[in-house]
Amino acid sequence: MVVSHKALLAMLGSEASAVLSQLCLRFAVNMLSCCGTGYYALELIRTELKARHTEHLAQYNHTLALILVEYASAVYLSDLTQLFTWTCSRCGHLTEGFEIIELVVDVEHCLQAFVGVAEDPHAIIIAFRGTNGHSLQNWIEDLYWKQHEINYPDMDDAMVHRGFYTAYHNTTIRPAVLGAVERAKKFYGDIQIIVIGHSMGGAMAAFCALDLTVNKQENKVQVMTFGQPRIGNGVFASLYSELIPNTIRVTHDHDMVPHLPPYYYYLPQKTYQHYPREVWLYNIGLGSLAYRVEKICDGSGEDPSCSRSVSGTSITDHLVYYGLDMKSDDPEACRIVTNSYVQNTSIRDSKGNLILSRDPATPLLQLRR
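Counting with the UniProt record's numbering, you get residues 1 to 369 for the letters of the sequence shown.
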């Protein structure tokens with residue numbers, strides 16, 4: 001049988017018209033119909049539609065993920081001198097040559113972040129610390145907070161998690177980070193910006209990337225987060241993915257945090273929802289052997305075949321990504337280690353918050369002496 005163009009459009013929807021011209025489907029349909037059915041032509045278009053959608057999703061790079069997770073791990077460290085001079089136990093290896101421009105510690109809210117410039121990839125790196133492991137259980141209970149209207153243009157009906165939003169927007173973190181990015185761009189030029197974070201740090205990374213894109217008109221922003229919770233409703237997730245399509249959310253096996261706050265498919269307007277693109281890490285055991293799988297998930301943000309296919313019950317899976325510790329090296333709450341160098345070179349406000357800054361033109365080697 002011969003399938004008409006009108007019938008094809010009715011079966012495939014409005015997007016098909018754009019695909020028809022690219023595939024010369026009049027020819028394709030008739031040729032495939034000669035073989036007995038037009039079904040294969042329909043599948044051809046559906047495949048092309050899926051491919052076109054996939055092209056707009058972030059592409060996962062395993063090597064880049066191994067580099068960026070080192071920054072997400074290092075930002076947890078409490079020794080500010082070692083961190084600022086990039087001589088800490090988690091500094092170096094794949095991140096060798098990285099130079100911090102600003103390190104900010106919001107003691108009042110137990111937050112920490114840094115901004116610097118990497119050699120490979122050549123980019124401005126912004127890293128946010130997540131919640132310390134000792135307080136993770138209390139933080140998980142706080143994940144059920146009410147949603148908050150986002151104060152951005154053209155984001156009607158978009159709602160976000162109040163705690164995560166205010167952690168970035170209403171603390172010492174935001175002005176310090178934005179100021180450091182501005183200084184870095186003046187010295188290094190219009191290079192890419194990569195924003196990363198683990199756990200709550202991943203939530204703050206997303207809001208920072210959105211801030212840079214919407215309010216600072218940055219158009220070279222990339223995001224990679226690890227074990228990030230949901231941060232907004234479906235409207236927000238859709239708008240976020242349009243504005244910052246180059247986003248990867250890495251999840252690990254049964255990590256409980258990406259499952260929170262809960263997703264309720266029967267409450268599409270109110271429920272929290274992830275944005276794409278998820279990469280799910282999990283292990284497959286074959287006898288005495290175990291294989292690591294890195295599954296690239298679909299563009300929905302809530303792929304039922306990825307982390308949603310398992311129960312989110314593990315804190316242990318949350319605290320290790322790619323074999324690296326994603327927690328503080330100090331068990332005490334929000335404790336930082338300083339010395340005379342930090343005390344002499346940092347700025348401390350009336351609330352005890354610390355900001356360590358340097359001119360990008362000053363070689364880091366001079367600071368290490």
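Beta carbons: idealized from backbone N, C-alpha and C, even for Gly.
All of these numbers come straight from a predicted model, not from anything done at the bench.
Proximity to residue i [Cα-Cα], best of the options
| i | options | result |
| --- | --- | --- |
| Thr313 | His259, Tyr188 and Ile100 | His259 |
| Cys297 | Thr87, Ile101, Cys110 and Trp280 | Trp280 |
| Gly323 | Leu210, His252 and Gly299 | His252 |
| residue 377 | Leu68, Tyr240 and Ala180 | No answer is possible for residue 377: the residues shown for the chain start at 1 and end at 369. |
| Gln269 | Val250, Phe236 and Glu119 | Phe236 |
| Ala123 | Val181, Asp359 and Leu356 | Val181 |
| Leu210 | Tyr165, His254, Gly179 and Val250 | Tyr165 |
| Ser309 | Ile315, His254, His169 and Glu294 | His254 |
| Val104 | Val177, Asn61 and Leu94 | Val177 |
| Asp303 | Gly285, Tyr265 and Leu83 | Tyr265 |
| Ala65 | Leu94, Ala290, Ile193 and Gly285 | Leu94 |
| Asp330 | Ile194, Lys351 and Tyr76 | Tyr76 |
| Thr316 | Lys327, Ser238 and His148 | Lys327 |
Classification of residue i by the beta-carbon crowding that lies within 10 angstroms, buried from 16 upward
| i | result |
| --- | --- |
| Tyr321 | buried |
| Pro229 | buried |
| residue 396 | Outside the displayed span of the chain (1 to 369) sits residue 396, for which this structure offers no information. |
| Asn353 | buried |
| Lys186 | exposed |
| Gly227 | buried |
| Gly301 | buried |
| Thr131 | buried |
| Val221 | buried |
| Pro360 | buried |
| His198 | buried |
| Glu102 | buried |
| Gln217 | exposed |
| Arg292 | exposed |
| Ser288 | exposed |
| Gly201 | buried |
| Asp120 | exposed |
| Tyr168 | buried |
Whole-angstrom C-beta distance between residue j and residue i, which should lie under 8 Å
| i | j | result |
| --- | --- | --- |
| Ile248 | Ala127 | Rounded, the Cβ-Cβ distance is 15 Å, inconsistent with contact. |
| Glu96 | Val117 | Glu96 to Val117, Cβ: 13 Å. No contact. |
| Thr171 | Ile196 | Contact doesn't hold; Cβ gap of about 18 Å is too wide. |
| His318 | Met256 | 6 Å |
| Thr213 | Ile244 | 6 Å |
| Tyr71 | Ile125 | 6 Å |
| Tyr263 | Thr271 | 6 Å |
Local conformation of residue i per DSSP, three classes
| i | result |
| --- | --- |
| Leu57 | coil |
| Lys270 | coil |
| His161 | strand |
| Ala113 | strand |
| Ala361 | coil |
| Lys186 | helix |
| Glu149 | strand |
| Leu49 | Residue placement at Leu49 cannot be trusted, given a pLDDT of 38 that sits under 50; what the coordinates show is reported in the next sentence. Residue state, collapsed to three classes: helix. |
| Ile315 | coil |
| Tyr321 | strand |
| Phe128 | strand |
| Met224 | strand |
| Ile194 | strand |
| Val69 | helix |
Cβ-heavy atom distance, residue i to the ligand GDP, below 8 Å
| i | result |
| --- | --- |
| Ala203 | By its list of ligands, the structure shown contains no ligand whatsoever, and the ligand GDP lies outside what it can speak to. |
Inset, instruction - Report yes or no: do the region 77 to 88 and the region 154 to 164 share at least 3 C-beta pairs separated by less than 8 Å? - result: Under the three-pair Cβ rule at 8 Å, the region 77 to 88 does not count as touching the region 154 to 164.
Legend entry - Stretch-stretch touch, CB-based, cutoff 8 Å, three pairs: the region 162 to 179 with the region 102 to 117: The region 162 to 179 is in contact with the region 102 to 117.
Inset, instruction - Indicate whether the contact test is met: 3 or more Cβ pairs, each with one atom in the region 201 to 214 and one in the region 101 to 110, closer than 8 Å. - result: At 8 Å Cβ cutoff, the stretches do not touch.
Inset, instruction - Tell me, please, whether the region 257 to 277 touches the region 230 to 238 by the rule of three or more beta-carbon pairs shorter than 8 Å. - result: Judged by Cβ distances under 8 Å, the region 257 to 277 makes contact with the region 230 to 238, as three or more pairs qualify.
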